[in-house]
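Count the sequence shown with my numbering and you get residues 1062 to 1331, in order.
Below you'll find the structure, written out as C-alpha cells, and then a few comments.
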Amino acid sequence: MMAALTQTAASYPTRWDTPAAFLATPSPATAVAWLRRAKSLLGESITTMELMERRCIDIAMRHNGAIRDPLADRHDWYLMVEIADQGEQAPLEARLLAAFEAGLENGELLDGTIAASAEQAAGIRRIREGAPEGQRLEGASYKHDVSVPVSQVPHFIAKADAALAARFPGIRSFAFGHLGDGNIHYNPIQAQGGDKDLWQSFLPEVNLIVHDIVARLGGSITAEHGIGRLRINEVPRYKSAVEMEMMRSLKQCFDPQNLMNPGKLLPDAG
C-alpha cells in the first residue's frame, strides 16, 4: 500500500491548495496515535482531522447514490484529513505522504488514498456530509455533540458503546467528529427494523448514560452546538452550585435584562 500511496502522490498533475486524504485506521486509539505523529510532521498545516466509523460510510452510501467508498477494502475506522499551505517550504503533498508512510510503518494506518484533484477531495468530503442525513433516514437517533480530552476519545467511544449495548440491545453506534479537539458527534441509532416511537422514548435515558460517561472523563456535554433549550435542564447535573452561581453572575453582569438568548443558557434558579 505504501507503493500505491507513493504512486498517487507522484501522479498529481498540478499542485492545489488543500490536499485531502481518506485513511483507514484500526481503532480510535491508533487514530489518536497517528494524530500525534501527523501534528509533529505537518504542524499547523492540518485543517481537518475527522474520525468516523464504518457505519457512517455504509449509511451515507445507502441513502446517497453519489457517494462512493474511496477504498477497495472495508475497515472499522477511518480518518478524513485535509491540510492547507501555511508557508512551509516543503510541498504539501510530500509532507502528507511522509506522514502516511510513517503511519503505515507503525501500524497506525492500514490503507489510504490521497485525492489527486479538487473533485476527488470533494468526493471524500461528501461522505462526511452524507453521514448525518443518512442517519436521519435510519429512524430514531440520539444526537450528542460532546467533547472529551483527545486522549480520552477512544475510552469514551468504547465505554458509551458498551453501556448502551448492555441497556438497549440492537442499538447501533454512530460516531464521527473532530479528532483534533476531541469534539465527537456521538449519535447512536435505533435497532434496525425497530419501532421508531418506542426507541425515541428512550432518549432521556440514552442522554443520561452518554453524558455521565463524558463527565467522568473530564469532558463537556456540549461542544460546538452550545447548550440551548435541549440541554439547559441538564446543566446543573454537571456543574457545581458554585459554578452555576458564577455563570449566573456573569450573565447578569453582561446581560442584566436577559435579552441575549433567554432560556438557552441557564435554567431558572430554583
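Just so you know, even glycine gets a beta-carbon here, dropped at the ideal spot from N, CA and C.
What you are looking at is a predicted structure, and each value in this text was computed from that prediction instead of being measured.
DSSP three-state assignment for residue i, whether helix, strand or coil
i     : result
S1088 : coil
G1195 : helix
A1127 : coil
S1178 : coil
I1144 : strand
A1183 : helix
A1064 : Its pLDDT being 38, under 50, A1064 is placed unreliably in this model, and the coordinates cannot settle the point.
A1121 : helix
A1082 : strand
G1034 : Since the first residue of the chain shown is 1062 and the last is 1331, residue 1034 is not available in this structure.
S1072 : Bear in mind that the predicted position of S1072 carries a pLDDT of just 37, short of 50, making it unreliable; the figure below should be weighed with that in mind. If DSSP states are grouped into helix, strand and coil, S1072 belongs with coil.
W1077 : Legend: pLDDT at W1077 = 46, less than 50; position of this residue unreliable, value from coordinates given subsequently. In this structure, W1077 counts as coil in the three-state DSSP scheme.
Residue range of the beta strand (DSSP E) that includes residue i
i     : result
A1236 : 1236-1239
S1169 : As written in the sequence, residue 1169 is Glu, which differs from the Ser given in the question. It is not in any beta strand (DSSP E) - E1169 carries neither H nor E in the DSSP assignment.
L1112 : 1107-1114
E1295 : It is not in any beta strand (DSSP E) - E1295 carries neither H nor E in the DSSP assignment.
Residue i versus the options, residue with shortest Cα-Cα distance
i     : options                    : result
L1264 : Y1203, A1179, T1086        : Y1203
R1156 : L1278, P1080, D1316        : P1080
L1165 : A1201, I1232, T1086        : T1086
G1254 : I1232, L1320, H1272        : I1232
A1094 : P1131, L1240, P1152        : L1240
A1192 : V1271, A1236, C1314        : A1236
A1227 : Q1261, V1271, I1245, S1208 : V1271
N1248 : M1113, L1171, N1125        : M1113
H1136 : D1172, G1104, E1143, A1179 : D1172
H1205 : A1160, S1234, A1082, W1260 : S1234
E1162 : L1084, Q1196, P1323, E1306 : L1084
E1180 : E1306, A1082, G1279        : A1082
I1107 : E1154, S1281, F1217        : E1154
G1280 : F1315, S1101, L1259, N1244 : N1244
E1194 : E1105, I1120, T1174        : I1120
V1267 : A1221, G1104, I1118        : A1221
Whole-angstrom distance between residue j and residue i, CA atom to CA atom
i     : j     : result
K1257 : L1198 : 11 Å
S1310 : V1303 : 11 Å
P1215 : A1090 : 5 Å
G1200 : Q1251 : 6 Å
D1134 : R1116 : 14 Å
V1219 : W1138 : For the sequence presented, residue 1219 should be read as Ala rather than Val. Distance between the alpha carbons of A1219 and W1138 is about 13 Å.
A1127 : A1223 : 33 Å
E1395 : M1110 : Shown here, the chain extends from 1062 to 1331; a query on residue 1395 therefore has no answer.
D1130 : M1122 : 8 Å
V1211 : N1167 : 20 Å
Q1318 : Q1213 : 40 Å
K1300 : A1276 : 10 Å
H1246 : I1188 : 15 Å
R1098 : E1295 : 37 Å
N1125 : M1308 : 44 Å
Q1261 : F1229 : 12 Å
T1283 : V1209 : 10 Å
Residue span of the alpha helix (DSSP H) that contains residue i, given as start and end
i     : result
V1211 : Element bounds for V1211: n/a, residue is neither H nor E.
Any non-hydrogen atom of the ligand MG closer than 8 Å to residue i Cβ
i     : result
S1281 : Ligands in the displayed structure: none, and consequently the ligand MG is not present.
Exercise. Let me know the beta strand (DSSP E) ranges lying completely inside the segment 1215-1267, each 3 residues or longer, listed in chain order.
Key: 1236-1239, 1244-1247
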